[in-house]
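In the working numbering, the protein residues as written are 1 to 517.
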């Protein structure tokens, strides 16, 4: 039984937790619309869907209130799009508004981890776990991008917290848990495997406590299974399997090795994910100090293995890579559900090492040393992320599309032609011009395979194959990639002039707007 804290202790705990949430917010909210430096295709599609839902009750393709929304080449869970509707309504159609739900979900996930861990391990471990997640080099970069994966840890922790409350206080909380887990199933594709398997392990480990609740457990369990079966009919349909076909499923032995890669020290501590969209290259997803604490936490696993709470979290750790391993190794986004579990493991390591101190002075010294180490790691990560990443990560984030579309839209002399070698202009043009959703919904669908389309028209904007462009008869602008501009500019020098150049933060040319008078 956990000791009941005094009023003074409660105020101290809430003061510490508010400080942790402040740190989480300071790493997730500043410059949210500008860092990452650019805007990814999935983010633009999500944002314009939210804008279309706000104004028409249908997504950009005209589907009313979809559960799974069509995206670039596949279909995505639509929950994030609905969460983005209020922020788009308040702040307008821009990068900040679209990314805000992800950042808020990341901050709320920190608070929920504290709540869950406090139920099982007490305030001390809970505060350490929350702090580690607040500054996590795994969570922070992902919480700053409008990817639906950010919803999975938040909703799963919410359901987990409600389950613990149902077992210890009020059985009616089991229905709140069912709702949270149901939302988790439609938050991100990895949840299809992670959530049911995790709950299966939870049910086996806590079968006696759940059995004591009685009828509500059977009703909630039946509702969850019914939802699972209903969703499965979609998951195994051609639309539901579109993403799996796009990524491909590894062979049997490849899956085994890819699964093990998620426990490789190179992924966890030394190198991390090699995709620039997911964070800094050369930073493990845990960071040096947290990685060492997680290793120390393994001692607690061996020592207290009979503790059901510990076995549940170990089960969580063992499951977290499974959905990601089916598609490949070392992918921090697809495996984001593991971030809270590693933070708990590291928190157990921190408190376990603290317990080795023989005096109060030694414990205070250990806490101070640990906080300094974590602050140093977090400071180095934040410095690199906020100063170097805007330049080093810009290409991965399709930098320049905002400036490009705004310059195009500012032209009033005639048609606007865009090379089809420029990344998916049919997503960025409607997003950055806030094109009328009803007008956009009336346009024909593009092929899912983007390589198949050579032309597309959106009002004044015409996506074309530049090689087939004849000499225009009147004023217009033509947007080319830098490579195309080098090829065609000398040939067309008599009839075209440079209107604008979009350059990468390091100075090299990305796109060129040529004007024909």
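The beta-carbon is built from N, C-alpha and C at its ideal position, and this holds for glycine as well.
Assuming residue i and residue j form a contact by the criterion Cβ under 8 Å, report the distance between their Cβ atoms to the nearest whole angstrom.
i	j	result
residue 72	residue 41	5 Å
residue 345	residue 279	Incorrect: roughly 20 Å between the Cβ atoms, too far for contact.
residue 68	residue 77	6 Å
residue 458	residue 424	Contact flag wrong, Cβ pair sits at about 12 Å.
residue 354	residue 360	Not really, about 11 Å apart at Cβ, beyond 8 Å.
residue 340	residue 179	The pair is not a contact, with the Cβ atoms about 20 Å apart (cut-off 8 Å).
residue 205	residue 118	Incorrect: roughly 19 Å between the Cβ atoms, too far for contact.
residue 170	residue 235	Not quite, the Cβ-Cβ distance comes to about 33 Å (not below 8 Å), so this is no contact.
residue 145	residue 99	6 Å
residue 537	residue 157	Beyond the ends of the chain as shown, which are 1 and 517, falls residue 537; an answer cannot be given.
residue 216	residue 172	7 Å
residue 48	residue 431	5 Å
Compare the C-alpha of residue i against each of the options and name the closest.
i	options	result
residue 461	495, 509 and 407	407
residue 516	427, 474, 281 and 54	474
residue 134	25, 82 and 85	25
residue 207	229, 239 and 167	167
residue 401	31, 504 and 275	504
residue 137	230, 342 and 86	342
residue 43	482, 239 and 142	142
residue 486	465, 463 and 514	514
residue 469	82, 417 and 497	417
residue 56	66, 437 and 496	437
residue 265	287, 281 and 256	287
residue 203	380, 426, 381 and 308	308
residue 384	313, 332 and 281	281
Can you find the residues in the same chain that come closer than 6 Å, C-beta to C-beta, to residue i, ignoring five residues on each side of it along the sequence?
i	result
residue 480	419 and 512
residue 61	70
residue 95	33 and 39
residue 127	16
residue 300	348 and 352
residue 201	315
residue 337	152, 153, 194 and 320
residue 239	75
residue 478	417 and 514
Residues in the same chain with beta-carbon distance under 7 Å from residue i, minus the five sequence neighbours each way, listed in chain order, please.
i	result
residue 79	148, 151, 183, 186 and 187
residue 1	Note that residue 1 scores a pLDDT of 46, beneath 50, so its modelled location is shaky and nothing firm can be said.
residue 445	61
Can you look up residue i in the DSSP assignment and give me helix, strand or coil?
i	result
residue 424	coil
residue 464	strand
residue 458	strand
residue 58	strand
residue 129	helix
residue 259	helix
residue 205	helix
residue 509	strand
residue 417	strand
residue 254	helix
residue 143	coil
residue 63	coil
residue 227	helix
residue 68	strand
residue 432	helix
residue 497	strand
residue 278	helix
residue 186	coil
residue 76	strand
residue 317	helix
residue 469	coil
residue 402	helix
residue 374	helix
residue 160	helix
residue 333	coil
Does the beta-carbon distance from residue i to residue j come in below 7 Å?
i	j	result
residue 350	residue 334	no
residue 116	residue 160	yes
residue 13	residue 53	no
residue 174	residue 220	yes
residue 272	residue 284	yes
residue 130	residue 20	yes
residue 194	residue 319	yes
residue 330	residue 267	yes
residue 482	residue 510	yes
residue 374	residue 289	yes
residue 103	residue 28	yes
residue 36	residue 393	yes
residue 433	residue 410	no
residue 366	residue 357	yes
residue 50	residue 88	yes
residue 518	residue 484	Any answer about residue 518 is impossible in this case: the structure gives the chain only from 1 up to 517.
Taking 7 Å as the CB-CB cut-off, is residue i touching chain C?
i	result
residue 506	No chain C is part of this structure, which consists of one protein chain only.
Return the chain-ordered list of same chain residues with a C-beta closer than 8 Å to the C-beta of residue i, the five sequence neighbours on each side being excluded.
i	result
residue 228	185 and 196
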